[in-house]
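Novice: Numbering (this note's numbering), first residue to last: 39 to 409. Below is a structure I'd like to ask you about.
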Ligand SMILES: [Mn+2]
């Protein structure tokens, strides 16, 4: 069966007494969405029950992800068939089991479904949860740039022919290119395995995706889709790629944004207010930016916010102590003419531009657990 036909045939909730769900993480970024779409197909070939890809976001928020929308439109992916949080909420937990892709810790919103998890494919640090899941059912490889790389490796073993399908190959290529910042090891942590998958699929991609084999051109093309946020509200920009957690009663939420703090603060008078509203249910809100500056060099920044000045100071103190010890992030106070100092917001530039949320979030979780 072709992969498009598989997606067309994904059943609506309630049609079958039991299904297997393949769900990406709550940021619902390109990697999570495409890992769910591709891995669901891979599993469907040997599954006794129907397999359903799930995007962990409200359906209307798909519109905020222009990189993913480009791929869905370009290849006519029937995303109306994919389940989102609405469909997930409409079925009883005992009518499905769950495969996690691109995460190995459940988001707070779906924590009650933990007992349904039967398999994990992920490239984040293994947090040691779901300990009964072992062996081939626990494919967690930290250091690989993209979860799609792990999914592609499995496709290569189990249904090699789809790795010549232009839709499948284009999805794999564009995701790995984005997750490795165009194979630039000064900007992202990735591995040889990502490079191998790019080399395997690129020849099968149509020319408007391949860009003549120029990985940087494809990277720039997708980055432009991601950074084209001008028609979005500040709230939408914060919600577009967001993850949250809770440790020891301290909750935090972390947005990844692909434009600079300077430009957000200069062009959006409401930006700080939007951060306060977005993070109001959390003890700590972080906005991580990653962007090319006017000099074309790559930068990362972090804005930390808390309603509680005292908590914010304690938190910053701890993260700077950790950073001083490990040199992992290289946080330095960031002074911007666009921003007047405010006790509830602290801004830093991150001189180690390799460390993304994949590295920063576990550090934040570790600090929260000791506060
Ligand atoms: Mn990922």
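For every residue, glycine included, the Cβ atom is placed at its ideal position computed from N, Cα and C.
Residue 385 to residue 284, Cα distance in whole Å?
Specialist: When rounded, the distance between both Cα atoms is 22 Å.
Novice: At a cut-off of 7 Å, would you count residue 70 as near ligand 1, judging by its Cβ distance to the nearest heavy atom?
Specialist: Yes; taking the cut-off as 7 Å, the Cβ of residue 70 has a heavy atom of ligand 1 nearer than that.
Novice: Pull up the distance between the alpha-carbon of residue 149 and that of residue 281, whole angstroms please.
Specialist: If I take the Cα positions, the gap works out to 14 Å.
Novice: Restricting to runs no shorter than 3 residues, where is the beta strand (DSSP E) found entirely within the segment 39-123?
Specialist: Here the runs fully enclosed are 57-61 and 89-92.
Novice: Would DSSP call residue 237 helix, strand or coil?
Specialist: If DSSP states are grouped into helix, strand and coil, residue 237 belongs with the helices.
Novice: Under 8 Å, with one C-beta from each stretch per pair, do the segment 165-178 and the segment 68-88 reach the 3-pair mark?
Specialist: No, the segment 165-178 is not in contact with the segment 68-88.
Novice: What are the complete alpha helix (DSSP H) segments, minimum 4 residues, inside the segment 335-379?
Specialist: You should have 347-364.
Novice: Given that a residue counts as buried once 16 or more other Cβ atoms are within 10 Å of its Cβ, and exposed if not, what is residue 91?
Specialist: It is buried - the Cβ of residue 91 has at least 16 other Cβ atoms within 10 Å.
Novice: If you draw a straight line from the alpha carbon of residue 382 to that of residue 339, how long is it in whole angstroms?
Specialist: Going from the Cα of residue 382 to the Cα of residue 339 covers about 17 Å.
Novice: Assuming contact is defined by CB atoms lying nearer than 8 Å, are residue 139 and residue 77 in contact in what I supplied?
Specialist: Yes, these two residues count as a Cβ contact at 8 Å.
Novice: Would you please state the rounded distance, in angstroms, between the beta carbons of residue 298 and residue 343? I believe it to be under 8 Å.
Specialist: 17 Å between Cβ atoms; not a contact.
Novice: Classify residue 161: buried if its beta carbon has 16 or more other beta carbons within 10 angstroms, exposed otherwise.
Specialist: Buried, by the Cβ-count rule.
Novice: Decide if residue 217 is buried, meaning its Cβ has at least 16 other Cβ atoms within 10 Å, or exposed.
Specialist: By the neighbour-count rule (16 or more Cβ atoms within 10 Å), residue 217 is buried.
Novice: Can you tell me the Cα-Cα spacing of residue 482 and residue 75, whole angstroms?
Specialist: Summary: the structure shown does not reach residue 482, with the chain confined to residues 39 through 409, and so no result is reported for it.
Novice: If you measure from the CB of residue 161, is any heavy atom of ligand 3 nearer than 7 Å?
Specialist: Questions concerning ligand 3 fall outside what the structure shown contains, since the ligands it does hold are ligand 1.
Novice: Assess, as a yes-or-no matter, whether the segment 218-230 is touched by the segment 103-121 under the definition of 3 or more beta carbon pairs within less than 8 Å.
Specialist: These segments do not touch.
Novice: For a test of your reading of the model: does the CB of residue 105 fall under 7 Å from any non-hydrogen atom of ligand 1? Yes or no.
Specialist: No.
Novice: Would you report the Cα separation of residue 147 and residue 126, rounded to the nearest angstrom?
Specialist: Each residue's alpha carbon lies about 11 Å from the other.
Novice: Beta carbon of residue 185: closer than 7 Å to some heavy atom of ligand 1?
Specialist: Yes, ligand 1 has a heavy atom inside 7 Å of this Cβ.
Novice: Whole-angstrom Cβ separation of residue 361 and residue 353, contact assumed at under 8 Å?
Specialist: 12 Å between Cβ atoms; not a contact.
Novice: Return the chain-ordered ranges of every alpha helix (DSSP H) run that is complete within the segment 205-259 and spans a minimum of 4 residues.
Specialist: Counting only runs of 4 or more, we get 230-239 and 245-248.
Novice: Is residue 279 near ligand 1 - that is, is its Cβ less than 7 Å away from at least one heavy atom of it?
Specialist: Residue 279: no, Cβ never under 7 Å from ligand 1.
Novice: If you draw a straight line from the C-alpha of residue 50 to the C-alpha of residue 155, how long is it?
Specialist: In a straight line, the C-alpha of residue 50 is about 21 Å away from that of residue 155.
Novice: Starting from the Cα of residue 442, find the closest Cα among 88, 407, 98 and 227 and give me that residue.
Specialist: No information on residue 442 is available, as it lies outside the stretch 39 to 409 that the chain covers here.
Novice: Please classify residue 307 as buried or exposed, where buried requires at least 16 other C-beta atoms within 10 Å of its C-beta.
Specialist: So residue 307 counts as exposed.
Novice: Contact between the segment 250-258 and the segment 272-279: three or more CB pairs below 8 Å?
Specialist: No contact exists between the segment 250-258 and the segment 272-279.
Novice: Quick check on residue 187: buried or exposed, where buried means 16 or more other Cβ atoms within 10 Å of its Cβ?
Specialist: Counting Cβ neighbours within 10 Å, residue 187 comes out buried, since at least 16 surround it.
Novice: Enumerate, from N- to C-terminal direction, the unbroken alpha helix (DSSP H) stretches of 4 or more residues contained entirely within the segment 270-301.
Specialist: As far as the segment 270-301 is concerned, its whole alpha helix (DSSP H) runs of at least 4 residues are 272-277.
Novice: Nearest CA to the CA of residue 265: which residue from 365, 364 and 331?
Specialist: Of 365, 364 and 331, the residue nearest in Cα terms is 331.
Novice: If you compare alpha carbons, which of 72, 58 and 183 is closest to residue 86?
Specialist: It is 58.
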